[in-house]
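Below: the structure, in structure tokens.
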Amino acid sequence: MTETAPPAPESLAAREDPTAVEHDGPHGYASDKAAYLKRMRRIEGQVRGIARMIDDDVYCIDILTQVSAVTKALQSVSLALVEDHLNHCVVGAARESDEAGAAKVKEATDAIGRLVRS
Numbered sequence: 000m001t002e003t004a005p006p007a008p009e010s011l012a013a014r015e016d017p018t019a020v021e022h023d024g025p026h027g028y029a030s031d032k033a034a035y036l037k038r039m040r041r042i043e044g045q046v047r048g049i050a051r052m053i054d055d056d057v058y059c060i061d062i063l064t065q066v067s068a069v070t071k072a073l074q075s076v077s078l079a080l081v082e083d084h085l086n087h088c089v090v091g092a093a094r095e096s097d098e099a100g101a102a103k104v105k106e107a108t109d110a111i112g113r114l115v116r117s
């Protein structure tokens, strides 16, 4: 009797976004991964601090100031990721073919549109 392996779980990206596409190889941010993780941990700490402020009944304007700081920090990370994506993924795809480059430009444009709307 041979056992078959269970089906591989879907990627996290595919579960969160049904239109997500799997990507092979290193991502544009790979060389700065440690810096991105450090920034995200700092932002995570800021968000936990905001929750504590709410729990401690801190003045609403002070909380809004911290929310603004987190928002700006996330926007900064987003812009850096867009730049990395354009410089690495889009340029690399454009070198492969016009069609691949156009697909990556469309993907980047859609992502930027989501950022602008958020």
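Residue numbers for the sequence shown follow numbering that gives the first Met the number 0, beginning at 0 and rising by one. For glycine and all other residues, C-beta sits at the position ideal for the given N, C-alpha and C.
{"Query": "Between which residues of its own chain and ILE53 is the CB-CB distance below 7 Å, once the five residues before and five after are set aside?", "Result": "ILE62"}
{"Query": "Would you please verify whether the beta carbon of CYS88 is less than 8 Å from any beta carbon of chain D?", "Result": "The structure shown contains no chain D; it holds only a single protein chain."}
{"Query": "Look up GLN74 in the DSSP assignment and say whether it is helix, strand or coil.", "Result": "helix"}
{"Query": "If I measure Cβ to Cβ from LYS71 and keep anything under 6 Å in the same chain, skipping five residues before and after, which residues do I get?", "Result": "none"}
{"Query": "Taking DSSP as the reference, what is the three-state secondary structure of ASP55?", "Result": "coil"}
{"Query": "Please name the residue, chosen from ASP55, HIS26, ALA79, that lies closest to ARG38 on a Cα-to-Cα basis.", "Result": "ALA79"}
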